[in-house]
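Q: Under our numbering, think of the first position of the sequence shown as 196, with each following residue one higher.
C-beta: ideal position from N, C-alpha, C; glycine also.
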Amino acid sequence: MNVPSSPLIDPQTIGYVFDEEHTNYEEPPGPSGHPTHPVAKICAAFAAVGALVLTVQLAAPDLAGSWVGFLAGFGLIVAGTSGYFWFCYKDTVPGIKHDRIMFSSTMHQGIIGWALGLFLTGFYMLLYWYPEYLERAIRLVDPLALALAGQPADQWFFYGFLYTLAIVTFGVRMFMKYRHSRYHTIRTSSVMFFQLGLAFLLPQFLRKIGEPEFYFSYFWPLKYDYLFPGTVSYLLDTPGTLGSFMVGWGAAATFVITPVLTYFFGKRWYCSWVCGCGGLAETLGDPWRHLTPKSTASWRIERAIIYTVLVVITATTVVLWLNTYETSAWLDKIAEPMREWYGFYIGALFSGVIGVGFYPVLGTRVWCRLGCPMAAILGILQRFFSRFRITTNGGQCMSCGNCTTYCEMGIDVRAYAERGENIVRASCVGCGVCAAVCPRGVLKLESGKTHKDRYPGSDRPLGALRTALKGVGICGDKDGYV
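This is the structure:
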């Protein structure tokens, strides 16, 4: 076919025919990616030198524990990795680029991805249950621990340091990748601030001045022990008024701040702007967000598990308080085992080992989708008692599927867009990536003037909740959208 030339479309592009079956659905031929910036290569070399310095210190413990070793190791890794991300994106046209991601061994369940998953899983197992094998690594951060907390590092300081380092370093990648989006720039800044300030520096400072180590950005039931009677008693018995303030803050954050902010902004205010679990998923986990299962069957499994976890932690908290004020052999027998069971299987195994270790295999936000009780509560509030919604302009949707592919919560966003329906799913964390990857501006995150106009029946939230719990169907789905 003779196609007239056009300054916008290359005739060879129009006439190009690619037979997927002929290549067994493998990667099609095409031009190589954007050449790596020369300075990016230098930054990568710095990161490699930093890793080598840390390796030498691990092999020769006598060299570890100094500021020189700490800065030469971790400093070069952070500076080199951040610089690499910066210069790799610096000269590219602003906009999200996911070229070849489905053929990447690292990002699409290839051998490298599985190896990373095994590495992360193994690290968490050592951290939780065999920290003695990490002793040499923990000693590497002693200079910082002594400066911030006034005492040598332990396994939890080491973990908090690495966790914060990952969010800050990969936050630079998010800044550059989404630099065309003001929403994502501010959101990334927010999770970096809350993790660095409230979830790392402030708790260590409290330890240094002899106060309880408290994380003001984590609330019950995510930080499940904050409303346990043992923790409350410990804080109230702390000399001074700070312990009492911590108890008051924990209760107010759970029962007042959470429902109020969720009404106005949906669960995104916490899951995508404050929470450290979400912060790690949005930064370190971003390359694997497309791996989240999208089937109806997986959604039903997720829904069953996450609300079961919510029921279990609620029951555990109630039993512990009842056991505090009631003399009962039955309560004495089950209270402590329930606390220990939840701490081991949910607090450690599920949220840590599986929740982060499975990023490269099951996609980011494994914990947020399947097990986080805070996400469950926020989801119920968002679904039935919130003004937040993602509006859709169905007439502009061309069914490309980008929104569904890159939804880290496994929502079939395209189905809503094609029908022109608002997205008010309980699982949506309001990350905004679906809107960012849409080539036609079909999706928009909004907080309306009222909760009553989001879907048929939203003006009667309690009735809508009862209907969803019965599985009768709301907004066209026979199982409801809880």
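I'd like to know whether the C-beta atoms of Phe241 and Gly275 end up nearer to each other than 8 Å.
A: In this structure, Gly275 lies closer than 8 Å to Phe241 by Cβ.
Q: Identify which residue in Tyr323, Glu406, Phe353 has its Cα closest to the Cα of Asp337.
A: Of the candidates Tyr323, Glu406, Phe353, the one whose C-alpha sits nearest the C-alpha of Asp337 is Phe353.
Q: Does the Cβ-Cβ distance between Arg582 and Asn617 come in under 8 Å?
A: No, Cβ-Cβ distance for Arg582 and Asn617 is not below 8 Å.
Q: Along the chain, which unbroken stretches of the alpha helix (DSSP H) at least 4 residues long are found entirely within the stretch 393 to 450?
A: Runs found: 397 to 403, 424 to 431, 437 to 447.
Q: For Ser490, is the classification buried or exposed, using 16 other Cβ atoms within 10 angstroms of its Cβ as the cut-off for buried?
A: Exposed, by the Cβ-count rule.
Q: DSSP on Gly668, reduced to helix/strand/coil?
A: With a pLDDT of only 43 at Gly668, under the threshold of 50, the placement of this residue in the model should not be trusted; the figure read from the coordinates follows. Coil, per DSSP.
Q: Whole alpha helix (DSSP H) runs in the stretch 570 to 624 with 4 or more residues, listed along the chain?
A: You should have 597 to 600, 608 to 614.
Q: Cβ atoms of Gly474 and Ile362: under 8 Å apart, would you say?
A: Contact: yes.
Q: Does the Cβ of Thr645 have 16 or more other Cβ atoms within 10 Å, making it buried, or fewer, making it exposed?
A: Exposed.
Q: On a CA-only basis, which of Phe318, Cys283, Cys592, Gln577 is nearest Phe459? Give me that one, please.
A: Comparing Cα positions, the closest option is Gln577.
Q: Less than 8 Å separating the beta-carbons of Phe409 and Pro416?
A: Not in contact: Phe409 and Pro416 (Cβ atoms no closer than 8 Å).
Q: Can you give me the start and stop residues for the alpha helix (DSSP H) that Ser385 sits inside?
A: Looking at the DSSP string, the run of the alpha helix (DSSP H) that includes Ser385 is 377 to 388.
Q: Roughly how many angstroms lie between the CA atoms of Gly671 and Ala239, to the nearest whole one?
A: At Gly671 the pLDDT is 40, less than 50, meaning the model places this residue with poor confidence and gives no usable figure here.
Q: Based on the DSSP secondary-structure assignment, which residues constitute the bridge partners of Glu641?
A: Glu641 pairs with Arg584.
Q: Which full runs of the alpha helix (DSSP H) of 4+ residues lie inside the stretch 466 to 516, going along the chain?
A: The qualifying runs are 471 to 478.
Q: Buried or exposed: which applies to Glu603, given that a residue is buried once 16 or more other Cβ atoms fall within 10 Å of its Cβ?
A: With 16 or more Cβ atoms within 10 Å of its Cβ, Glu603 is classed as buried.
Q: So the candidates are Phe265, Leu486, Thr453, Gly260; which of them puts its Cα closest to the Cα of Ser299?
A: The candidate whose alpha carbon is nearest that of Ser299 is Leu486.
Q: So, using beta-carbon positions, are Gly312 and Tyr554 closer together than 8 Å?
A: Going by C-beta atoms, Gly312 is nearer than 8 Å to Tyr554.
Q: Locate the alpha helix (DSSP H) running through Lys528, then write down its first and last residues.
A: Note, Lys528: alpha helix (DSSP H), 524 to 536.
Q: Relative to the C-alpha of Asp286, which candidate in Arg374, Leu253, Cys626 has its C-alpha closest?
A: It is Arg374.
Q: Name the residue from Ala340, Phe282, Val251, Thr364 whose alpha carbon lies nearest to the alpha carbon of Ala267.
A: Checked all of Ala340, Phe282, Val251, Thr364; the closest Cα to Ala267 is Val251.
Q: Does the Cβ of Phe328 have 16 or more other Cβ atoms within 10 Å, making it buried, or fewer, making it exposed?
A: Here residue 328 turns out to be Tyr, not Phe, going by the sequence shown. Per the 10 Å Cβ criterion, exposed.
Q: Just to confirm, are Ile371 and Tyr284 a CB contact at a threshold of 8 Å?
A: Note on residue identity: the sequence assigns Met, not Ile, to residue 371. Yes, Cβ-Cβ distance for Met371 and Tyr284 is below 8 Å.
Q: Just curious, the alpha helix (DSSP H) that Val244 is in, first and last residue?
A: Here the alpha helix (DSSP H) through Val244 covers 233 to 254.
Q: Rounding to the nearest angstrom, what Cα-Cα distance links Leu321 and Gly658 in this structure?
A: Each residue's Cα considered, the two are about 48 Å apart.
Q: Which residues in the same chain as Trp494 place their Cβ atom closer than 7 Å to its Cβ, once the five residues preceding and following it in sequence are excluded?
A: Cβ neighbours of Trp494 beyond the five flanking positions: Gly605.
Q: Gly264 lies in the alpha helix (DSSP H); which residues open and close that run?
A: 262 to 265 is the span of the alpha helix (DSSP H), which, as asked, contains Gly264.
Q: The alpha helix (DSSP H) with Gly308 in it runs from where to where?
A: First-last of the alpha helix (DSSP H) with Gly308: 306 to 324.
Q: Do you know offhand how far Gly345's Cα is from Leu339's?
A: For Gly345 and Leu339, the distance between alpha carbons rounds to 9 Å.
Q: Distance check for Thr599 and Asn588, CA to CA, integer angstroms please.
A: C-alpha separation (whole angstroms): 15 Å.
Q: So, using beta-carbon positions, are Val469 and Pro568 closer together than 8 Å?
A: Not closer than 8 Å, so no.
Q: Within the continuous alpha helix (DSSP H) that includes Glu521, where are the two ends?
A: Segment: none, Glu521 is in no alpha helix (DSSP H) and carries neither H nor E.
Q: For Phe280, count neighbouring C-beta atoms within 10 Å of its own C-beta (all shown protein chains included) and say buried if the count is 16 or more, exposed if not.
A: It counts as buried.
Q: Nearest-angstrom Cα distance between Thr162 and Pro488?
A: What the structure shows of the chain is the stretch from 196 to 677, and residue 162 is not part of that stretch, so it cannot be assessed.
Q: At the level of alpha carbons, what is the spacing between Leu517 and Lys647?
A: Answer to the nearest angstrom: the Cα atoms are 39 Å apart.
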